[in-house]
Amino acid sequence: MLDSFCNDNVLALSDILHPRNPQMFQDIWVLTEMMETDLHKIISSRQALSLEHTKLFLYQTLRGLKYLHSAQHPSPRHQT
49 MLDSFCNDNV LALSDILHPR NPQMFQDIWV LTEMMETDLH KIISSRQALS LEHTKLFLYQ
109 TLRGLKYLHS AQHPSPRHQT
(Lines of atoms letter the chains of each structure in order from A and count residues from 1; the text may use other names and numbers.)
(Lines give C-alpha, C1' and ligand atoms only; values in the text may rest on other atoms or scores of the structure.)
Protein backbone atom coordinates (compact mmCIF):
# COMPACT_ATOMS: atom_id res chain seq x y z
CA MET A 1 0.00 0.00 0.00
CA LEU A 2 2.86 2.40 0.80
CA ASP A 3 4.15 2.18 -2.75
CA SER A 4 0.94 3.76 -4.06
CA PHE A 5 1.30 6.96 -2.01
CA CYS A 6 2.64 10.08 -3.68
CA ASN A 7 2.85 13.05 -1.32
CA ASP A 8 5.61 15.41 -0.20
CA ASN A 9 4.80 14.67 3.46
CA VAL A 10 4.83 10.85 3.22
CA LEU A 11 8.06 8.92 2.66
CA ALA A 12 8.20 6.98 -0.61
CA LEU A 13 8.66 3.23 -0.32
CA SER A 14 11.73 1.87 -2.13
CA ASP A 15 11.70 -1.81 -1.15
CA ILE A 16 10.79 -4.34 1.54
CA LEU A 17 13.42 -6.85 2.67
CA HIS A 18 12.80 -10.08 4.56
CA PRO A 19 14.86 -13.23 5.17
CA ARG A 20 14.90 -15.86 2.43
CA ASN A 21 14.48 -18.62 5.00
CA PRO A 22 10.98 -18.44 6.62
CA GLN A 23 12.33 -20.13 9.79
CA MET A 24 14.63 -17.14 10.32
CA PHE A 25 11.77 -14.66 9.95
CA GLN A 26 11.98 -12.10 12.77
CA ASP A 27 12.21 -8.71 11.09
CA ILE A 28 10.99 -6.86 8.05
CA TRP A 29 13.13 -4.01 6.74
CA VAL A 30 11.26 -1.21 5.00
CA LEU A 31 13.49 0.88 2.74
CA THR A 32 12.41 4.44 2.05
CA GLU A 33 13.88 7.38 0.24
CA MET A 34 17.03 8.85 1.81
CA MET A 35 16.50 11.71 4.26
CA GLU A 36 19.11 13.94 5.91
CA THR A 37 17.77 13.18 9.39
CA ASP A 38 14.59 12.13 11.16
CA LEU A 39 12.20 13.90 13.49
CA HIS A 40 13.33 11.88 16.52
CA LYS A 41 16.94 13.05 16.10
CA ILE A 42 15.82 16.65 15.73
CA ILE A 43 13.59 16.55 18.81
CA SER A 44 16.17 14.78 20.98
CA SER A 45 19.11 16.99 19.95
CA ARG A 46 20.43 19.62 22.34
CA GLN A 47 19.83 22.37 19.81
CA ALA A 48 16.75 24.41 20.68
CA LEU A 49 13.93 24.44 18.15
CA SER A 50 12.45 27.78 17.23
CA LEU A 51 8.71 28.23 17.36
CA GLU A 52 8.71 28.55 13.56
CA HIS A 53 10.47 25.18 13.14
CA THR A 54 8.07 23.55 15.60
CA LYS A 55 5.10 24.93 13.65
CA LEU A 56 6.60 23.73 10.36
CA PHE A 57 7.18 20.17 11.65
CA LEU A 58 3.65 20.00 13.05
CA TYR A 59 2.19 21.38 9.81
CA GLN A 60 4.08 18.84 7.68
CA THR A 61 3.08 15.96 9.98
CA LEU A 62 -0.59 16.96 9.88
CA ARG A 63 -0.51 17.34 6.08
CA GLY A 64 0.91 13.82 5.75
CA LEU A 65 -1.70 12.45 8.14
CA LYS A 66 -4.49 14.23 6.24
CA TYR A 67 -3.23 12.69 2.99
CA LEU A 68 -3.15 9.19 4.53
CA HIS A 69 -6.68 9.62 5.89
CA SER A 70 -7.93 10.82 2.49
CA ALA A 71 -6.46 7.62 0.99
CA GLN A 72 -8.48 5.54 3.52
CA HIS A 73 -5.28 4.49 5.34
CA PRO A 74 -5.72 3.53 9.02
CA SER A 75 -4.19 5.85 11.61
CA PRO A 76 -0.53 5.12 12.37
CA ARG A 77 0.16 3.58 15.77
CA HIS A 78 3.17 4.17 18.00
CA GLN A 79 5.34 1.07 18.27
CA THR A 80 7.61 0.34 21.21
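Using this note's numbering, the letters of the sequence shown correspond one by one to residues 49 to 128. Here a beta-carbon is modelled for each residue, glycine too, at the ideal position from N, C-alpha and C.
query, result
"Once DSSP output is grouped into helix, strand and coil, what is the label at Ser92?", "helix"
"With burial defined as no fewer than 16 other Cβ atoms inside 10 Å of the residue's Cβ, what is the status of Ser110: buried or exposed?", "Here residue 110 turns out to be Leu, not Ser, going by the sequence shown. Exposed, since its Cβ has fewer than 16 Cβ neighbours within 10 Å."
"Between which two residues does the alpha helix (DSSP H) holding Thr109 run?", "99 to 118"
"Which class does Leu79 belong to by DSSP, given the choice of helix, strand or coil?", "strand"
"Cα separation between His101 and Asn69?", "45 Å"
"From which residue to which residue does the beta strand (DSSP E) around Asp63 run?", "61 to 65"
"Does DSSP put Gln71 in a helix, in a strand, or in coil?", "helix"
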